[in-house]
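Colleague: Residue numbers (the numbering used here), protein chains in the order written: chain A, 421 to 531; chain B, 515 to 629.
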Amino acid sequence: DQQVKQNSPSLSVQEGRISILNCDYTNSMFDYFLWYKKYPAEGPTFLISISSIKDKNEDGRFTVFLNKSAKHLSLHIVPSQPGDSAVYFCAARTNAGKSTFGDGTTLTVKP
Amino acid sequence: DAGVIQSPRHEVTEMGQEVTLRCKPISGHNSLFWYRQTMMRGLELLIYFNNNVPIDDSGMPEDRFSAKMPNASFSTLKIQPSEPRDSAVYFCASSTSGTGSYEQYFGPGTRLTVT
């Protein structure tokens with residue numbers, strides 16, 4: 421049973437427009453949700469997180485929204501830049517410290 | 515800080531050989547994680563340690579895999595004997611622990627190819 425799902429394997433947007441990446445989860449015990457970005461031949465790097473008691477967290481061009489009733493979160497990038505092209509992983513963490521990752525969404529931002 | 519260090523970056527070995535992957539976490543981090551990334555299974559957690567103690571090894575695929583953390587600055591993941599289906603990128607990550615998001619810091623990965 422996949423507890424964290426990213427249903428869109430890929431997303432393509434035009435530079436300057438908004439990118440919206442989605443993630444669904446099934447486990448109500450997750451207490452933090454995180455987004456990581458991964459470039460080829462590198463390890464994932466942390467981007468932004470949100471606590472389960474909040475519904476929005478913003479950091480510059482990146483905003484994460486959490487809808488607990490729907491068990492859904494999304495990452496908004498605005499404006500999108502070509503350097504944002506990467507694989508984005510959604511992850512959910514329990515208070516025991518274990519994180520479960522989604523399969524990733526490949527974002528391509530076209531100049 | 516140098517970040518999480520993994521070695522080797524690439525490993526090519528023949529089926530049946532022993533493979534040892536190494537990881538040095540970020541100084542001061544007390545949690546360490548080993549992941550495997552494949553096209554079929556994505557990024558899956560193999561095992562994680564807290565204060566050098568294995569907490570959850572439910573992701574270790576079978577007895578051929580073992581991991582150790584003899585001290586706070588070093589961990590190994592060993593595969594013996596290796597099989598072609600073990601070919602993947604293996605990541606080590608570290609973090610602090612407790613409450614909070616405590617994001618993980620990943621190493622660059624070891625690309626393992628078993629022929």
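For each residue, glycine too, the CB sits at the ideal point set by N, CA and C. None of these values were measured; they are calculated from a predicted model.
(1) With burial defined as no fewer than 16 other Cβ atoms inside 10 Å of the residue's Cβ, what is the status of residue 518 of chain B: buried or exposed?
(2) How would you list, in chain order, the residues of chain B whose beta-carbon sits under 7 Å from the beta-carbon of residue 462 of chain A?
(3) Can you check whether the CB of residue 502 of chain A is closer than 8 Å to the CB of residue 436 of chain A?
(4) Would you decide whether residue 617 of chain B is buried or exposed? Buried here means 16 or more other CB atoms lie within 10 Å of its CB.
(5) Considering only DSSP beta bridges, list what residue 433 of chain A is partnered with.
(6) As an exercise, report each continuous beta strand (DSSP E) stretch of at least 3 residues that is fully enclosed by the stretch 530-567 of chain B, in chain order.
(7) Output, in chain order, the set of chain A residues within a Cβ distance shorter than 7 Å of residue 626 of chain B.
(8) Assign residue 604 of chain B to one of two classes, buried (16 or more other C-beta atoms within 10 Å of its C-beta) or exposed (fewer than that).
(9) Using a Cβ-Cβ cut-off of less than 8 Å, give me the residues of the stretch 426-448 of chain A that come near chain B, in sequence order.
(10) Please say whether residue 466 of chain A and residue 493 of chain A have beta carbons closer to each other than 8 Å?
(11) Suppose contacts are defined by Cβ-Cβ distances below 8 Å. Is residue 551 of chain B in contact with residue 606 of chain B by that definition?
(12) Name the two residues that bound the continuous beta strand (DSSP E) containing residue 477 of chain A.
(13) Is the distance from the Cβ of residue 608 of chain B to the Cβ of residue 619 of chain B below 8 Å?
(14) Can you have a look at residue 457 of chain A and say buried or exposed, based on whether 16 or more other CB atoms are within 10 angstroms of its CB?
(15) With a cut-off of 8 Å on the beta carbons, I'd call residue 590 of chain B and residue 545 of chain B a contact; round off their distance for me.
(16) Which runs of the beta strand (DSSP E) at least 3 residues long sit entirely within the stretch 436-480 of chain A? Give them in chain order.
Modeller: This is what the structure holds:
(1) buried
(2) 622
(3) no
(4) buried
(5) A:529
(6) 533-538, 545-552 and 556-564
(7) Near residue 626 of chain B there are no residues of chain A at all, since even the closest Cβ is about 14 Å away, more than 7 Å.
(8) buried
(9) none
(10) no
(11) no
(12) 476-479
(13) yes
(14) buried
(15) The Cβ separation is near 16 Å, so there is no contact.
(16) 439-445, 452-458, 465-471 and 476-479
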